[in-house]
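Student: My questions all concern the structure below.
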Amino acid sequence: MDFSGWTCPAPLRDQPHIVMGHGGGGALSAELVEHVFAPAFGGAALAQLGDSAVLALGGARLAFSTDSYVVRPLFFPGGSIGDLAVNGTVNDLAMSGARPAYLSCGFILEEGVATATVAEVARALGEAARVAGVEVATGDTKVVEAGHGDGVYINTAGIGLVPEGVDIRPQRAVPGDVVLLSGPVGAHGVAIMSVREGLEFGVDVRSDTAPLNGLVEAVLGATKDVHVLRDPTRGGLAASLNEIAAASGVGVAVRERDVPVPPEVANACAILGLDPWYVANEGRMVAFVPREHADAVLAAMRAHPMGAQAAVIGECVEEHPGMVVARTGLGGTRVVDLPLGEQLPRIC
Amino acid sequence: MKYIEEFQNPDLAKRLLDEIHATVTRPWALMEVCGGQTHSIIRHGIDQLLPEQIELIHGPGCPVCVTPLEMIDKALEIASRPGVLFCSFGDMLRVPGSGRDLFQVRAAGGDVRVVYSPLDALKLARQNPDRQVVFFGIGFETTAPPNAMAVHQAARLGVPNFSMLVSHVRVPPAIEAIMCSPDCRVDAFLAAGHVCSVMGTGEYPELAERFRVPIVVTGFEPLDILEGVRRSVRQLEAGRHTVENAYPRAVRPEGNPAARAMLADVFEVTDRAWRGIGTIPGSGWRLSERYRAFDAEHRFSVEDVTTLEPAACRAGEVLQGLLKPHECEAFGTVCTPRTPLGATMVSSEGACAAYYLYRRLGGTPVPAAGKEANPVG
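First to last, the sequence lines map onto chains A and B.
Just so you know, the first sequence maps onto residues 1 to 348 in our numbering.
Just so you know, the second sequence maps onto residues 1 to 377 in our numbering.
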């Protein structure tokens with residue numbers, strides 16, 4: 001591969017191979033998209049770089065999104081790879097304000113995996129689709145040789161309709177916007193870690209995996225003038241806030257004590273040396289709304305079961321454009337950076 | 001597990017801060033020994049809240065940062081060999097050797113695994129008798145006992161395909177080296193609580209007396225650190241220099257006798273090179289003669305690895321408290337977590353990483369205390 005034509009000031013010249021961090025949802029992932037995928041594919045729709053692309057088709061505006069699920073283990077407290085495969089794509093569509101309608105589902109199975117396991121995953125996937133109110137309309141199955149997969153990988157793609165008058169994308173945040181968070185962060189990542197081989201620890205944390213399209217409907221019921229929605233999955237809350245700050249060029253200021261973190265999540269993260277703001281979620285949403293609508297949106301969120309613990313966590317400011325800064329619990333300040341790749345548990 | 005919230009209580013923090021402000025009359029330089037303390041200080045903005053007269057100097061206590069480049073290159077060399085299953089704690093994987101890191105070894109086909117305990121590496125050795133399983137044993141007195149236990153178990157169970165690349169370091173000789181430096185300006189130490197939970201406090205009175213320096217054993221939560229600062233300042237203002245234990249919930253004077261016994265059985269004291277600092281006499285541990293068969297350096301004959309330290313990296317001065325990370329000309333420009341020159345920029349306990357993560361505000365790497373823009377309400 002010829003790296004000489006790359007324009008990034010810190011290109012991946014010293015990364016001749018893909019490393020795990022390229023899939024971590026942080027800076028390395030973004031660089032891969034910017035320098036490898038986007039130039040190769042082209043296209044205005046891809047350039048939106050949102051969770052889903054919004055496309056004009058036959059007079060309608062369609063949201064279109066795809067995601068692949070490679071989670072280990074396949075079943076974890078509070079959910080399974082089947083739930084994630086539905087909720088992840090439904091939520092990506094919902095984050096553009098769309099009403100998700102149809103999903104595709106591609107299974108990549110590893111030779112030797114128990115048929116009963118596949119059936120259990122499929123059952124969970126079907127149930128999650130029914131809960132989210134979407135239909136699995138088409139699918140595909142492939143089998144790879146033993147040793148070439150982790151049992152079951154799933155890809156889902158989805159489409160949905162974007163209502164008239166709704167324009168939600170990361171570029172639309174402006175100074176003065178209020179930042180809302182739909183509930184406590186970090187539960188999904190900690191639930192997965194708590195049962196991952198080599199790291200099992202006794203903690204009663206269940207994944208927050210859930211569809212967010214109902215919550216988005218509730219928010220849009222309060223006002224259609226929502227600037228940005230984002231579900232903080234890989235890379236956690238910190239990555240999502242950074243992506244929005246970078247896309248819109250505004251500063252994002254958050255108050256550390258206003259970001260809800262369940263005590264069990266905080267304790268597990270403290271033991272592992274992880275920051276809960278960087279831990280993945282699968283059923284949480286951040287919303288950037290104009291100040292005049294913030295109270296109504298917060299009330300609408302709290303009235304919905306998925307947003308009962310919603311909170312205002314900060315605002316957009318003129319200062320430090322493109323960066324996220326937190327006021328610490330003790331009154332100091334700190335930068336909240338985009339994670340490079342994956343968080344690594346510390347040594348001691 | 002409710003304690004974490006309690007030890008971050010802003011009202012109690014304010015009381016401690018008020019007392020510190022009321023006590024200080026002169027400038028004092030306090031060194032927090034441990035990188036975990038450094039991250040807590042910077043992450044919570046504690047240094048911004050202390051009186052201007054108090055300067056917190058970041059010490060050498062990041063286990064990943066002080067692991068010599070030569071040892072990392074040996075790890076990379078061993079991990080690249082066919083048939084080797086190389087195990088390490090997670091934050092060692094991103095530390096650059098002379099040109100690459102363990103992540104890149106793995107991407108190129110090496111079998112590098114993140115483990116959370118050295119006993120997991122021993123388990124892998126028993127599950128893979130046809131592979132050579134190597135554990136990268138680094139760190140201070142905190143990580144040494146479980147690593148010693150893994151070697152002890154390997155010997156007891158007779159696991160011939162397990163070995164350890166040992167690069168352990170000890171805190172007291174590092175404190176002595178810092179105090180003996182002609183450039184030293186440390187007035188008091190916040191000793192690393194986790195280290196003392198193993199070793200106790202018995203190693204410190206002689207140092208405190210000899211260098212006439214207060215040593216306060218300090219934990220890692222914001223209130224722990226403020227209490228450590230409060231006690232240090234009280235001693236300094238009163239002209240005293242004793243050892244105090246401000247972390248009694250974790251540290252007993254005698255430490256952990258079982259852990260110390262395990263260390264004495266498996267390891268012996270040796271001279272050890274510290275990355276960026278140089279060799280400090282008696283500052284490390286190696287496997288004792290009885291366990292030498294489990295020494296990966298000998299098993300894989302990597303004694304002659306040559307290293308290439310980046311000339312621009314000033315991590316050694318940072319680790320000795322002679323330079324603040326943002327005062328380095330490479331900080332945030334050629335040296336970032338993305339393109340690190342040294343381990344202090346990538347380790348989760350590295351001082352440069354702490355400054356880069358939490359203090360890189362616009363074009364101003366470190367806003368002066370109380371003078372930065374107020375971004376939140």
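Beta carbons: idealized from backbone N, C-alpha and C, even for Gly.
Look at the Cβ atom of Ser-248(A), then the Cβ atom of Ala-310(A), and state whether they are nearer than 7 Å.
Tutor: No, the pair does not count as a contact, with Cβ atoms beyond the cut-off.
Student: Please say whether Gly-79(A) and Thr-233(A) have beta carbons closer to each other than 7 Å?
Tutor: No.
Student: Quick test of your reading: Val-24(B) and Leu-190(B), contact by CB under 8 Å. State the CB separation rounded to the nearest angstrom.
Tutor: Actually they are not in contact, since the Cβ atoms of Val-24(B) and Leu-190(B) sit about 16 Å apart, beyond 8 Å.
Student: Write down the C-beta distance between Ala-85(A) and Ile-154(A) rounded to the nearest angstrom, noting that I regard them as a contact closer than 8 Å.
Tutor: With 8 Å as the limit, Ala-85(A) and Ile-154(A) qualify as a contact, their Cβ atoms being about 4 Å apart.
Student: Quick one: Cα of Gly-151(A) to Cα of Arg-196(A), how far?
Tutor: One C-alpha to the other measures close to 15 Å.
Student: Anyone know if the C-beta pair for Val-216(B) and His-241(B) falls short of 7 Å?
Tutor: Taking 7 Å as the Cβ cut-off, Val-216(B) and His-241(B) do not qualify as a contacting pair.
Student: Run down chain A in chain order and give the residues with a C-beta less than 7 Å from the C-beta of Tyr-382(B).
Tutor: Since the first residue of chain B shown is 1 and the last is 377, residue 382(B) is not available in this structure.
Student: Nearest by alpha-carbon distance to Pro-73(A): which of Ala-53(A), Gly-112(A) and Val-121(A) is it?
Tutor: Residue Val-121(A) is the option with its Cα nearest to Pro-73(A).
Student: Does the Cβ-Cβ distance between Ala-222(A) and Val-297(A) come in under 7 Å?
Tutor: Closer than 7 Å, so yes.
Student: Any beta carbon of chain A sitting closer than 7 Å to that of Pro-10(B)?
Tutor: It does; some Cβ of chain A falls within 7 Å.
Student: In the DSSP assignment, find the beta strand (DSSP E) that holds Pro-173(B) and state where it starts and stops.
Tutor: Careful: Pro-173(B) lies outside any beta strand (DSSP E), inside the alpha helix (DSSP H) at 171-180.
Student: Do you know whose CA, among Gly-97(A), Ala-270(A) and Ile-108(A), lies nearest Gly-147(A)'s CA?
Tutor: Gly-147(A) has its Cα closest to that of Ile-108(A), out of Gly-97(A), Ala-270(A) and Ile-108(A).
Student: By Cβ distance below 6 Å, which residues in the same chain neighbour His-17(A) in space, the five residues on each side in sequence not counted?
Tutor: No residues qualify anywhere along the chain.
Student: Is it buried or exposed, Asp-130(B), if we count other Cβ atoms within 10 angstroms and call 16 or more buried?
Tutor: That one is exposed.
Student: Is it the case that the segment 58-70 of chain B contacts the segment 347-355 of chain B, given that we only count it when at least three CB pairs across the two stretches are under 8 Å?
Tutor: With a cut-off of 8 Å, the segment 58-70 of chain B and the segment 347-355 of chain B count as touching, because enough Cβ pairs lie within range.
Student: Say whether chain B places a C-beta atom closer than 7 Å to the C-beta of His-17(A).
Tutor: Chain B, which has a Cβ nearer than 7 Å to the Cβ of His-17(A), makes this yes.
Student: So who's on the other strand from Val-190(A), going by DSSP bridges?
Tutor: Answer is none; Val-190(A) lacks a bridge partner.
Student: By the 7 Å beta-carbon criterion, what residues does the segment 13-38 of chain B contribute toward chain A?
Tutor: Those would be Ala-13, in chain order.
Student: Return helix, strand or coil for Pro-305(A), following the three-state DSSP convention.
Tutor: Pro-305(A): helix per DSSP, three-state reduction.
Student: Alpha carbon to alpha carbon, how far is Ala-155(B) from Pro-172(B)?
Tutor: Near 29 Å, if we compare the C-alpha coordinates of Pro-172(B) and Ala-155(B).
Student: Please classify Glu-145(A) as buried or exposed, where buried requires at least 16 other C-beta atoms within 10 Å of its C-beta.
Tutor: Label assigned to Glu-145(A): exposed.
Student: Taking the alpha carbon of Pro-281(B) as the point to measure from, which residue in Cys-180(B), Met-345(B), Leu-226(B) and Arg-231(B) has its own alpha carbon closest?
Tutor: When each option's Cα is compared against that of Pro-281(B), the closest is Cys-180(B).
Student: Can you tell me whether Leu-263(B) is buried or exposed? The criterion is at least 16 other CB atoms within 10 Å of its CB, across all chains shown.
Tutor: Buried.
Student: Less than 7 Å between CB atoms is the rule here; does Pro-365(B) satisfy it with respect to chain A?
Tutor: A caution first: Pro-365(B) carries a pLDDT of 40, below 50, which makes its placement in the model too unreliable to give a value.
Student: Interface residues of chain A around Pro-222(B) at Cβ under 7 Å?
Tutor: Chain A residues near Pro-222(B): Leu-330.
Student: If you scan the segment 34-61 of chain B from start to end, which runs of the beta strand (DSSP E) of 3 or more residues do you find wholly inside it?
Tutor: Counting only runs of 3 or more, we get 54-61.
Student: Pull up the distance between the alpha-carbon of His-293(A) and that of Leu-212(A), whole angstroms please.
Tutor: The straight-line gap from Cα to Cα measures roughly 20 Å.
Student: Just curious, the beta strand (DSSP E) that Arg-255(A) is in, first and last residue?
Tutor: That run of the beta strand (DSSP E) goes 251-255.
Student: Alpha carbon to alpha carbon, how far is Gly-332(A) from Val-325(A)?
Tutor: Those two C-alpha atoms are separated by around 10 Å.
Student: Please go through the same chain and pick out, in chain order, the residues whose beta-carbon is closer than 8 Å to the beta-carbon of Arg-360(B), but skip the five residues on each side of it.
Tutor: These residues qualify, in order along the chain: Gly-332.
Student: Using only alpha-carbon positions, find the residue among Thr-142(B), Val-334(B), Asn-128(B) and Pro-118(B) that is nearest to Gln-153(B).
Tutor: Gln-153(B) has its Cα closest to that of Pro-118(B), out of Thr-142(B), Val-334(B), Asn-128(B) and Pro-118(B).
Student: In this structure, how does DSSP classify Asn-281(A) when only helix, strand and coil are distinguished?
Tutor: Reduced to three states, the DSSP call for Asn-281(A) is coil.
Student: Between the alpha carbons of Asp-379(B) and Val-317(A), how many angstroms are there, rounded?
Tutor: Since the first residue of chain B shown is 1 and the last is 377, residue 379(B) is not available in this structure.
Student: Among Trp-285(B), Thr-279(B), Pro-257(B) and Asn-256(B), whose alpha-carbon lies nearest the alpha-carbon of Thr-270(B)?
Tutor: When only C-alpha atoms are compared, the closest one is Trp-285(B).
Student: In angstroms, rounded to a whole number, what distance separates the CA positions of Arg-334(A) and Cys-184(B)?
Tutor: When rounded, the distance between both Cα atoms is 29 Å.
Student: Which full runs of the alpha helix (DSSP H) of 4+ residues lie inside the segment 175-230 of chain B, going along the chain?
Tutor: With a minimum length of 4 residues, the continuous alpha helix (DSSP H) runs that stay inside the segment 175-230 of chain B are 193-199 and 205-211.
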